[in-house]
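A.B. asks: To start, I am sharing the structure in question, which I have written as structure tokens.
Residue numbers (this note's numbering), protein chains in the order written: chain A, -11 to 301; chain B, 21 to 144.
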């Protein structure tokens, strides 16, 4: 194990899946403090990761508008869901490994808080938040736009670090992998959900098209998970548990993608007034994007196979 | 692993940002978010200025409610040289507790105070 080093947003040494292994070196009661230069480097990397992922949405008019008009309760629900995903991302790919679950929680809070600052600064530079806009507009826009940025800060270790620095992926386990899938689904669908096209496509989708969309979503997810499974050396479509193996994981990830789609449609006021048939059409069509995001995240963030292989060695 | 002073400072600032944003949203959700939009408009005749071939009067449109108002349509009527003129303004989005200033244009300086009223809006 390399010496314990800096903070924060992006490193890893001992599997979070085994937090007891890190008890003696966490929470600030042991080990050497990180150097200032390491801290600065890690946080610069986190900021870059946040901008890399969040900048397109920070430049999106629909997001500014929804940040202004979304009910506070819906913003709180989205923030809570996003924070859970950030914790999952940090457990799988971000932050240092030599930490307890309490440290993981603090690191995740730091990711979210840092993301709020990043979102606020970019929105200010773009002229999208100013004192005369009113506090409701300012807070709403920061809260909504901090969500995609937080995914970037939490994923910065996977996206921007190298192996020598200890960045990389940890064994996630089935639940952790579903967190990764949920994060990918939420990020990709968040890019689409506020647009007018969602209502258009969802309303015009007839039953055969909805069935085709479901089939395509499942096939894309299954192909992705099968590829990852093959890379790990497994030839089986089924695992030991219901969430193991490409088949089980595909079904679980698609269910999460549909749930994410519904939550986003609800958040953006797109479900009110819809009949059941139209609601299904909206959820399934947005679910195509969410399912692809869930699959893409598994590839981009990883599934922990590297860490498992190292552990086995 | 110990956190250094910079890390502690960033963590404290992050927690403060989260508490501020989440705290405000909770208060809004409980106390304000349920209140419907309450939109009003008022013209500031004293700040009227001549423009190229006409006269501009600032109109402040405000929303004192908790919910946002969309597509707020404002009608401003004025008597200019004995003839009634109407200027129509639109605000795309007006969040709860916010206000915006627009300019209503007429062919000349109004003879008397203008008449301002909200003629329509949408709720999200």
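We put the CB at the ideal spot given by N, CA and C, even for glycine.
How do the stretch 64 to 81 of chain A and the stretch 51 to 66 of chain B stand: do at least 3 beta-carbon pairs fall below 8 Å, yes or no?
C.D. replies: Flag = no, the stretch 64 to 81 of chain A and the stretch 51 to 66 of chain B do not touch.
A.B. asks: Using only CA atoms, which one of A:288, A:246 and A:287 lies nearest to residue 276 (chain A)?
C.D. replies: Comparing Cα-Cα distances from residue 276 (chain A) to each of A:288, A:246 and A:287, the minimum goes to A:246.
A.B. asks: Figure out for me which residue from A:89, A:24, A:71 and A:173 has the closest Cα to the Cα of residue 288 (chain A).
C.D. replies: Out of A:89, A:24, A:71 and A:173, A:173 has the C-alpha closest to the C-alpha of residue 288 (chain A).
A.B. asks: Once you ignore the five residues that flank residue 122 (chain B) on each side, which residues in its own chain have a CB closer than 6 Å to its CB?
C.D. replies: 79 and 109, listed in sequence order.
A.B. asks: Check whether the stretch 122 to 141 of chain A and the stretch 85 to 104 of chain A touch, using three or more Cβ-Cβ pairs below 8 Å as the test.
C.D. replies: Taking 8 Å as the limit for Cβ pairs, the verdict is that the stretch 85 to 104 of chain A does touch the stretch 122 to 141 of chain A.
A.B. asks: Using a beta-carbon distance below 7 Å, is residue 48 (chain B) in contact with chain A?
C.D. replies: Output row for residue 48 (chain B): interface = yes.
A.B. asks: Only counting the same chain, and skipping five residues up and downstream in sequence, which positions put a Cβ closer than 7 Å to that of residue 58 (chain A)?
C.D. replies: Contacts found: 128, 132 and 255.
A.B. asks: Could you tell me how far apart the beta carbons of residue 242 (chain A) and residue 217 (chain A) are, in whole angstroms, since I believe they sit closer than 8 Å?
C.D. replies: About 16 Å; that fails the 8 Å criterion.
A.B. asks: Suppose you measure from the CA of residue 29 (chain A) to the CA of residue 27 (chain B); what does that come to, to the nearest Å?
C.D. replies: Their Cα atoms are separated by approximately 12 Å.
A.B. asks: Just reading off the beta strand (DSSP E) that residue 75 (chain B) is part of, what are its end residues?
C.D. replies: Looking at the DSSP string, the run of the beta strand (DSSP E) that includes residue 75 (chain B) is 74 to 83.
A.B. asks: Quick check on residue 110 (chain B): does DSSP put it in helix, strand or coil?
C.D. replies: If DSSP states are grouped into helix, strand and coil, residue 110 (chain B) belongs with the strands.
A.B. asks: So if DSSP puts residue 63 (chain B) in a beta bridge, which residue, or which two residues, is it bridged to?
C.D. replies: The partner list for residue 63 (chain B) (beta bridge, DSSP) reads B:79.
A.B. asks: I need the straight-line Cα distance from residue 283 (chain A) to residue 203 (chain A), nearest angstrom please.
C.D. replies: Roughly 14 Å separates the two Cα atoms.
A.B. asks: Measure from the C-beta of residue 85 (chain B) to each C-beta in chain A and report whether the shortest distance is under 7 Å.
C.D. replies: Chain A, which has no Cβ nearer than 7 Å to the Cβ of residue 85 (chain B), makes this no.
A.B. asks: Using the rule of at least 16 other Cβ atoms within 10 Å of the residue's Cβ for burial, across every protein chain shown, is residue 96 (chain A) buried or exposed?
C.D. replies: Looking at its Cβ environment, which holds 16 or more other Cβ atoms inside 10 Å, residue 96 (chain A) is buried.
A.B. asks: So the alpha helix (DSSP H) residue 192 (chain A) belongs to, where does it begin and stop?
C.D. replies: Segment 184 to 192, the alpha helix (DSSP H) holding residue 192 (chain A).
A.B. asks: From the beta carbon of residue 101 (chain A), is the nearest beta carbon of chain B less than 7 Å away?
C.D. replies: Closer than 7 Å to some Cβ of chain B, the Cβ of residue 101 (chain A) qualifies, so yes.
A.B. asks: Does residue 48 (chain A) come out as helix, strand or coil in the three-state DSSP assignment?
C.D. replies: Three-state DSSP puts residue 48 (chain A) in coil, outside helix and strand.
A.B. asks: Which residues does DSSP list as the beta-bridge partners of residue 120 (chain B)?
C.D. replies: Residue 120 (chain B) is bridged to B:81.
A.B. asks: Can you give me the Cβ contacts of residue 139 (chain B) inside the same chain, cut-off strictly under 6 Å, excluding the 5 residues immediately before and after it?
C.D. replies: Correct list, in chain order: 93 and 95.
A.B. asks: What do you get for residue 37 (chain B), buried or exposed, if any count of 16 or more other CB atoms within 10 angstroms of its CB means buried?
C.D. replies: Buried is the call here.
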